[in-house]
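Taking full-length UniProt numbering, the leading residue of the sequence shown gets 1, the next gets one more, and so forth.
In this text, a Cβ means the ideal position worked out from N, Cα and C, and glycines have one as well.
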Amino acid sequence: MYSITGNSNIGLMETTSISDASSMSHKKIKIGRGYCAICGAKPTGINFDVLTCSSCKAFFRRNGVKPLNQFVCRLSGECKIDERSRRQCTACRLRKCFTMGMIKERIRTEEQNQRHRALVQENRRQKFKKYQQHQEETRL
């Protein structure tokens with residue numbers, strides 16, 4: 001059974017979620033163009049379940065697993081986070097990442113990264129091997 005729901009992420013980009021209830025898989029399909037939900041910059045894709053730029057993606061990967069109370073806002077705790085000011089307050093930027101729906105459990109551990117890299121390399125080897133076989137078959 002599939003369920004399709006549409007929502008709007010503060011007018012930044014509309015997404016449609018497709019959930020397969022039998023396998024509990026969840027995919028998001030991009031519709032149209034948008035902006036980074038954290039700072040408003042040009043997005044590179046959906047990262048950790050939110051449309052973000054590469055800067056906010058990297059920021060969340062580095063800081064998302066750290067406790068929120070490790071970072072303290074020097075102002076009122078409601079700093080404006082945009083493309084120019086995103087580096088000014090780590091506490092408010094990280095809070096906005098979580099508020100916008102970024103999921104820290106999607107950050108891969110070093111062990112998961114190693115397994116992923118090995119899988120990618122193996123897939124490339126297999127693809128290249130198929131390519132070579134195809135080239136040999138077409139020469140004959």
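Report yes if the C-beta distance between residue i and residue j is below 8 Å; otherwise report no.
i	j	result
residue 92	residue 78	yes
residue 39	residue 74	no
residue 90	residue 63	yes
residue 110	residue 41	no
residue 51	residue 95	no
residue 100	residue 37	yes
In three-state DSSP terms, what is residue i?
i	result
residue 65	coil
residue 51	strand
Near residue i, which residues of its chain fall below 7 Å by C-beta distance, leaving aside the five closest residues on each side in sequence?
i	result
residue 106	48, 49
residue 118	none
residue 102	48, 49, 50, 60, 64
For residue i, which residues of its own chain have a beta-carbon under 6 Å away from its beta-carbon, when the five flanking residues on both sides are left out?
i	result
residue 30	The predicted model places residue 30 with a pLDDT of 47, which falls under 50 and marks its position as unreliable; any figure quoted below should be read in that light. Closer than 6 Å at Cβ, skipping near neighbours: no residue.
residue 61	107
residue 54	44
For residue i, which residues of its own chain have a beta-carbon under 8 Å away from its beta-carbon, when the five flanking residues on both sides are left out?
i	result
residue 116	108
residue 129	none
residue 88	79
Since residue i contacts residue j with CB under 8 Å, what's their CB separation in whole angstroms?
i	j	result
residue 65	residue 104	6 Å
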